[in-house]
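Protein sequence lines, in the order shown, are assigned to chains A and B.
Each residue of the first sequence is one higher than the last, beginning at 1 in this note's numbering.
Each residue of the second sequence is one higher than the last, beginning at 1 in this note's numbering.
Each residue gets a CB set at the ideal place from its N, CA and C atoms; glycine is no exception.
2 protein chains.
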Amino acid sequence: MIEKTVSSKTIYKGKVLDLKVDTVRLPNGKTADREVVVHRGAVAVVAVTDNDEIILIKQFRYPTGKVLWEVPAGKIDAGEIPEDCAVRELAEETGFGARQWEHLSTFYTTPGFSDEIMYVYLARDLYIDERKMDDDEFIDMYRVPVKNAVEMVISGEISDAKSIAGILLAAARGST
Amino acid sequence: MIEKTVSSKTIYKGKVLDLKVDTVRLPNGKTADREVVVHRGAVAVVAVTDNDEIILIKQFRYPTGKVLWEVPAGKIDAGEIPEDCAVRELAEETGFGARQWEHLSTFYTTPGFSDEIMYVYLARDLYIDERKMDDDEFIDMYRVPVKNAVEMVISGEISDAKSIAGILLAAARGST
Chain A
1 MIEKTVSSKT IYKGKVLDLK VDTVRLPNGK TADREVVVHR GAVAVVAVTD NDEIILIKQF
61 RYPTGKVLWE VPAGKIDAGE IPEDCAVREL AEETGFGARQ WEHLSTFYTT PGFSDEIMYV
121 YLARDLYIDE RKMDDDEFID MYRVPVKNAV EMVISGEISD AKSIAGILLA AARGST
Chain B
1 MIEKTVSSKT IYKGKVLDLK VDTVRLPNGK TADREVVVHR GAVAVVAVTD NDEIILIKQF
61 RYPTGKVLWE VPAGKIDAGE IPEDCAVREL AEETGFGARQ WEHLSTFYTT PGFSDEIMYV
121 YLARDLYIDE RKMDDDEFID MYRVPVKNAV EMVISGEISD AKSIAGILLA AARGST
């Protein structure tokens, strides 16, 4: 089943992503091109309050042209471990810290065209930390009962893959 | 919250995706660059047999370097409506047709850097159709009880975002 790299051409090196086009050898001996978005990975945090509310954020996502409901999330910095990134992003985007952290899932967001890997954590026993939002981030924060967040997933009001997966995984884990 | 496009530069036009870098005006008046992977959208199908088994496939995903468990899925052809794409991809990848189709979810796979939208369907009342796999597709197919598929999601054995979301949504919909 494996495809072997024959050659690799870097098309673009950017801030968030790189793009390369590789020629690969297929199992049947033929060759094909693979367009690959190279990404350094990201984290998402399902933060649940003592009152069983999930911290959700709303932010404008330029590629979609829409304001989306999401769980706090962000890209891993160079050399940063995912756990540290999760703590940092939760603080930056919501001002919350958490005393209990649990790994929920690690998945590929779009394995057909990207290597982006997403580490998802469940954060509990929250406390108010300092909100250190980037100057160029514009984010609204809400507390939504877990049950309502699951309903927002099922109704389609939440339309972000990592948030859907994270909220349903947290609910399946019995954290409701 | 909205970011307005100031200028747009196409970096690459490919088979699966295009890449553009846009300069945008932020709400605070500053400008920033946005790297955007333009994608024509995709579908995923959670196909459930009369015996409550989900049809899962295994295939090599070059960007990840791994063989992944996934639900059948594929890119929407130019001019194709998502529903037709779902029927086509299920037949191509598994040889199954379905008499009952239900829309489960529509979500963005990676709203931070792509406009890719994923339409997820629940397919039931399956029948054996002709498997019309592309010459260059190498896919193994399995039937996995819904309960076990959910366990594979929770344990991390299934590590593909659309499959995680689709399987948990199908389970939440009470299709188990």
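Between which two residues does the beta strand (DSSP E) harbouring residue i extend?
i	result
ARG99 of chain B	96–108
MET118 of chain B	117–128
GLY74 of chain B	73–75
SER114 of chain A	Here SER114 of chain A belongs to no beta strand (DSSP E), and DSSP marks it neither H nor E.
LEU68 of chain A	66–70
ASP18 of chain A	17–25
ILE139 of chain A	139–145
THR31 of chain A	31–39
8 angstroms is my cut-off, CB to CB: does residue i come that close to chain A?
i	result
PHE96 of chain B	no
LYS132 of chain B	no
THR49 of chain B	no
ALA170 of chain B	no
THR10 of chain B	no
MET152 of chain B	no
ASP84 of chain B	no
THR176 of chain B	Any reading at THR176 of chain B must be qualified, since the residue scores a pLDDT of 42, below 50, and its modelled position is unreliable; no value is offered.
GLU3 of chain B	yes
LEU19 of chain B	yes
GLU179 of chain B	Lying outside 1 to 176, the shown extent of chain B, residue 179 of chain B is not represented and no answer is given.
LYS15 of chain B	yes
Can you find the residues in the same chain that come closer than 7 angstroms, C-beta to C-beta, to residue i, ignoring five residues on each side of it along the sequence?
i	result
ARG143 of chain A	THR49, GLU53, ILE55
PRO145 of chain A	ASP52, GLU53
So, at 6 angstroms on beta carbons, what are the nonlocal neighbours of residue i in its own chain, with the 5 sequence-adjacent residues on each side left out?
i	result
PHE107 of chain B	MET118
LEU17 of chain B	VAL37, HIS39
ARG34 of chain A	ASP22, VAL24
Of all Cβ atoms in chain B, is any one closer than 8 angstroms to the Cβ of residue i?
i	result
GLN100 of chain A	no
VAL45 of chain A	no
ASP52 of chain A	no
SER7 of chain A	no
TYR108 of chain A	yes
Going by beta carbon distance, what residues of the same chain come within less than 8 angstroms of residue i, once the five residues before and after it are set aside?
i	result
MET1 of chain B	PRO27
ARG140 of chain A	The displayed chain sequence assigns Asp, not Arg, to residue 140 of chain A. Cβ within range, chain order: ILE57, LYS58, GLN59.
Quick check on the DSSP output: the alpha helix (DSSP H) that includes residue i runs from which residue to which?
i	result
SER159 of chain A	Run containing SER159 of chain A: none; DSSP gives neither H nor E here.
Original post:
What are the residues of the segment 137–148 of chain A that lie near chain B, defined by any Cβ-Cβ distance shorter than 7 angstroms?
Top reply: Identification of residues in the segment 137–148 of chain A having a C-beta nearer than 7 angstroms to some C-beta of chain B yields PHE138, given in sequence order.
Original post:
Given a limit of 9 angstroms on CB to CB distance, which residues of the segment 61–79 of chain A reach chain B?
Top reply: Flagged, chain order: ARG61, TYR62, PRO63, THR64, GLY65, LYS66, VAL67, LEU68, GLU70, ALA73, GLY74, LYS75.
Original post:
Between the segment 21–37 of chain B and chain A, which residues of the former have CB atoms less than 9 angstroms from a CB of the latter, in chain order?
Top reply: Taking 9 angstroms as the Cβ-Cβ cut-off, the segment 21–37 of chain B approaches chain A at VAL21, ASP22, VAL24, LEU26, PRO27, ASN28, LYS30, ALA32, ASP33, ARG34, GLU35, VAL36, VAL37, given in chain order.
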